[in-house]
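Asks:
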Amino acid sequence: MQLIPVDWSALDGSHQRVAVEVLRHGPLPRAELARRLGLSPGSLTRLTRPLVDSGLLVEGTTEVHLRTGRPSLPLDVQPASRRFLGMKITGDTLFAVVTDLRATVLAEHTVPLPGPEPETVVATIAEVAALLREDDRDAVGLGIGIGGLVVHHREVARAHFLGWHERVALADLVHTATGLPTVVDNDVRALTAAEHWFGAGRGVHSLVVVTIGVGVGCGIVVHDRLIEGAHGGGGSIGHRPLLGGAVCADGHRGCAQGMISSGAIAGAVTQALGRPVGYAEALELAGAGQPAARRVVDDAGRALGVLVADIANLVDPELVILTGDGIDLVAVARAALDDALEEHRSEALAPTRIDVRPFPFTEWARGAAAVAIRAHVLGDAFTPA
Ligand SMILES: [Zn+2]
Numbered sequence: 000m001q002l003i004p005v006d007w008s009a010l011d012g013s014h015q016r017v018a019v020e021v022l023r024h025g026p027l028p029r030a031e032l033a034r035r036l037g038l039s040p041g042s043l044t045r046l047t048r049p050l051v052d053s054g055l056l057v058e059g060t061t062e063v064h065l066r067t068g069r070p071s072l073p074l075d076v077q078p079a080s081r082r083f084l085g086m087k088i089t090g091d092t093l094f095a096v097v098t099d100l101r102a103t104v105l106a107e108h109t110v111p112l113p114g115p116e117p118e119t120v121v122a123t124i125a126e127v128a129a130l131l132r133e134d135d136r137d138a139v140g141l142g143i144g145i146g147g148l149v150v151h152h153r154e155v156a157r158a159h160f161l162g163w164h165e166r167v168a169l170a171d172l173v174h175t176a177t178g179l180p181t182v183v184d185n186d187v188r189a190l191t192a193a194e195h196w197f198g199a200g201r202g203v204h205s206l207v208v209v210t211i212g213v214g215v216g217c218g219i220v221v222h223d224r225l226i227e228g229a230h231g232g233g234g235s236i237g238h239r240p241l242l243g244g245a246v247c248a249d250g251h252r253g254c255a256q257g258m259i260s261s262g263a264i265a266g267a268v269t270q271a272l273g274r275p276v277g278y279a280e281a282l283e284l285a286g287a288g289q290p291a292a293r294r295v296v297d298d299a300g301r302a303l304g305v306l307v308a309d310i311a312n313l314v315d316p317e318l319v320i321l322t323g324d325g326i327d328l329v330a331v332a333r334a335a336l337d338d339a340l341e342e343h344r345s346e347a348l349a350p351t352r353i354d355v356r357p358f359p360f361t362e363w364a365r366g367a368a369a370v371a372i373r374a375h376v377l378g379d380a381f382t383p384a
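Quick note: the sequence shown uses numbering that gives the first Met the number 0, first residue 0, plus one each step.
1. So, helix, strand or coil for Glu118, using DSSP?
2. Considering just the uninterrupted stretch of the alpha helix (DSSP H) at Leu55, what are its terminal residues?
3. With DSSP collapsed to three states, give me the class of Leu241.
4. Give the C-beta separation of Val127 and Ala102 to the nearest angstrom, bearing in mind that I take them to be a contact with Cβ-Cβ under 8 Å.
5. May I ask you to check if the CB of Cys254 is nearer than 7 Å to at least one heavy atom of ligand 1?
6. What residues are listed by DSSP as bridge partners for Asp354?
7. Got a sec? Which residues, its chain only, sit under 6 Å from Glu154 by beta carbon, not counting five neighbours each side?
8. Taking the CB atoms as reference points, tell me whether Ser39 and Ala33 lie closer together than 8 Å.
9. For Met0, does the three-state DSSP call read helix, strand or coil?
10. Could you check the C-alpha separation between Arg301 and Ala271 for me, to the nearest Å?
11. Terminal residues of the continuous beta strand (DSSP E) containing Ile236?
12. Anyone know if the C-beta pair for Leu50 and His14 falls short of 8 Å?
13. Could you check whether Val182 and His152 sit closer than 8 Å to each other, using their CB atoms as the reference points?
14. Any chance the CB of Cys399 is under 7 Å from a heavy atom of ligand 1?
15. If you measure from the CB of Asp249, is any heavy atom of ligand 1 nearer than 7 Å?
16. Tell me whether Ala106 sits in a helix, a strand or coil according to DSSP, three-state version.
17. On a Cα-Cα basis, can you pick out the residue from Gly25, Asp52, Arg81 and Ala199 that is closest to Pro357?
18. Among the residues of its own chain, which have a CB less than 7 Å from the CB of Leu130, if the five just before and after it don't count?
19. In whole angstroms, what separates the C-alpha of Glu116 from that of Leu161?
20. Taking the beta strand (DSSP E) that Gly300 falls in, what are its first and last residues?
21. Give the straight-line distance between the Cα atoms of Gly257 and Trp196, rounded to the nearest whole angstrom.
22. Does DSSP classify Ile264 as helix, strand or coil?
23. Decide if the stretch 211 to 227 is in contact with the stretch 172 to 181; the criterion is three or more beta carbon pairs, one per stretch, under 8 Å apart.
24. Look up Thr123 in the DSSP assignment and say whether it is helix, strand or coil.
25. Quick check on this structure: which residue in Thr92, His238, Leu190 and Pro113 has the alpha carbon closest to the alpha carbon of Glu362?
26. From Ala158, Met86 and Glu283, pick the residue whose C-alpha is nearest to that of Val296; which is it?
27. Please state whether DSSP places Asp91 in a helix, a strand or coil.
28. Would you list the residues sitting across from Asp337 in a DSSP beta bridge?
29. Below 8 Å between beta carbons: does that hold for Leu306 and Arg352?
30. For Pro78, name the three-state secondary structure that DSSP assigns.
31. Please say whether Ala285 and Arg344 have beta carbons closer to each other than 8 Å?
32. Tell me the DSSP bridge mates of Ile226?
33. Which same chain residues, not among the five before or five after Gly147, have their C-beta less than 6 Å away from its C-beta?
34. Among Ala281, Leu43 and Asp91, whose alpha-carbon lies nearest the alpha-carbon of Thr119?
35. For His238, verify whether its CB is less than 7 Å away from any heavy atom of ligand 1.
36. Going by the C-beta, is Gly366 closer than 7 Å to any heavy atom of ligand 1?
In structure tokens:
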């Protein structure tokens, strides 16, 4: 019998396909797994036997009755068998989580970032990693999510909010400092990876994730591949021109950032009312019918509808997920959003399926952990799933 070590990265292509399918969609009855992968029952048995013998896959204890009425033991992974660290870096804070193999958050930890220099950021990551590894079971991979241009899961080409304008080989620096296999990704793409593998996008082949908050971001999955782009900037829709007259920090009139970001909405309501108004209060005032706030929030909702229609027309995804730390906008501006979406969506295409996801702030760090999980099970951080 062919001996397969427990390590995911040592699997060849066909064993890996089986294991990843079970990781993403399990527990799965054998017949269902064979159908999904287009394999005969014999081929599936030949592929799964060494995976079960090595303990990488386990047979479930619950019988699943198939349409034929015959019972079948489902195959599954052991989510608790591996631990991963995920970290999100903002301008002043590091958010960290520990997850299992299915990106379920087991623990979280947040520390202030003492400074933006690469060496300070790496040292803080190493301190938090050491803290989170003081446990009976160690992590096998670390993922870092960062707002900026990230190439090949290793280098940060540009991170404006940290003042990084030169390339920083962050994955290698962190690997040296922690000894943990490390991958880096753009934070929105990391979030998209988590939704695609372990979230609302499970089982979907074409997916768009639009994030609303301090920035406006977008992650795009086409034919099961997450778009990185030639320079790590795939999905950067923050300054896409939309409707409206607001001007963003870069001087664009009516761009997504200038219309939809939490800072733009708070700023416009502040200006209209002649007193400082935060994002949450701006949404609250709009919800209560304050006319100026209502107008600003409806304008933002309409702009978001145009943006979603635009991306949906371009990509034609099965699903659009709206999320991010500013997601509360959607509840207050839903009517304006839906009107603009319907108006601008190409009539020839099917209606866009929209899923609005709540956003605990640990989602960013969880996304980073999902990138580490993918790198671990695919055995190659450069291989798109
Ligand atoms: Zn702009």
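Glycine included, every Cβ here is placed at the ideal spot set by N, Cα and C.
Replies: Taking the structure as given:
1. Looking at Glu118 - three-state DSSP - the assignment turns out to be helix.
2. Segment: none, Leu55 is in no alpha helix (DSSP H) and carries neither H nor E.
3. The answer is coil: DSSP assigns Leu241 none of H, G, I, E or B.
4. No, Val127 and Ala102 are not in contact; Cβ-Cβ is about 18 Å, not under 8 Å.
5. At least one heavy atom of ligand 1 falls within 7 Å of the beta-carbon of Cys254.
6. Beta-bridge annotation (DSSP): Asp354 is paired with Ile320.
7. Answer for Glu154: Arg166 and Ala168, listed in chain order.
8. Yes, the pair counts as a contact, with Cβ atoms nearer than the cut-off.
9. Low confidence applies to Met0: its pLDDT is 44, below 50, so where it sits in the model is not reliable, and the reading given next is rough at best. If DSSP states are grouped into helix, strand and coil, Met0 belongs with coil.
10. Distance between the alpha carbons of Arg301 and Ala271: 19 Å.
11. Per DSSP, Ile236 lies in no beta strand (DSSP E) segment and is marked neither H nor E.
12. Their beta carbons are under 8 Å apart, which means Leu50 touches His14 by this criterion.
13. Cβ atoms of His152 and Val182: closer than 8 Å.
14. The first residue shown for the chain is 0 and the last is 384, placing residue 399 beyond what the model contains.
15. Within the cutoff, so yes.
16. Ala106 sits in a strand when the DSSP states are folded into three classes.
17. If we check each option's Cα against that of Pro357, Ala199 comes out closest.
18. Residues His108 of the same chain have their beta carbon placed closer than 7 Å to that of Leu130, with the five preceding and five following residues left out of the count.
19. Taking the straight line from one Cα to the other gives about 7 Å.
20. If you look at Gly300, you'll find it isn't in any beta strand (DSSP E); it sits in the alpha helix (DSSP H) that goes Pro290 to Val314.
21. Pairing Gly257 with Trp196, the inter-Cα distance amounts to about 32 Å.
22. Three-state result, Ile264: helix.
23. The stretch 211 to 227 is not in contact with the stretch 172 to 181.
24. The DSSP-derived three-state label of Thr123 is helix.
25. Comparing alpha-carbon positions, the option among Thr92, His238, Leu190 and Pro113 lying closest to Glu362 turns out to be Leu190.
26. Each of Ala158, Met86 and Glu283 was checked against the Cα of Val296, and the nearest Cα belongs to Glu283.
27. DSSP places Asp91 outside both helix and strand once states are collapsed to three, so it counts as coil.
28. Answer by DSSP bridge pairing: none, since Asp337 is not bridged.
29. In this structure, Arg352 does not lie closer than 8 Å to Leu306 by Cβ.
30. Correct three-state label for Pro78: helix.
31. Contact flag unset, no.
32. Beta-bridge pairing links Ile226 to no other residue.
33. These residues qualify, in order along the chain: Val155, Arg157 and Ala158.
34. Of Ala281, Leu43 and Asp91, the residue nearest in Cα terms is Asp91.
35. Taken from the Cβ of His238, at least one heavy atom of ligand 1 lies inside 7 Å.
36. Distances from the CB of Gly366 to the heavy atoms of ligand 1 are all 7 Å or more.
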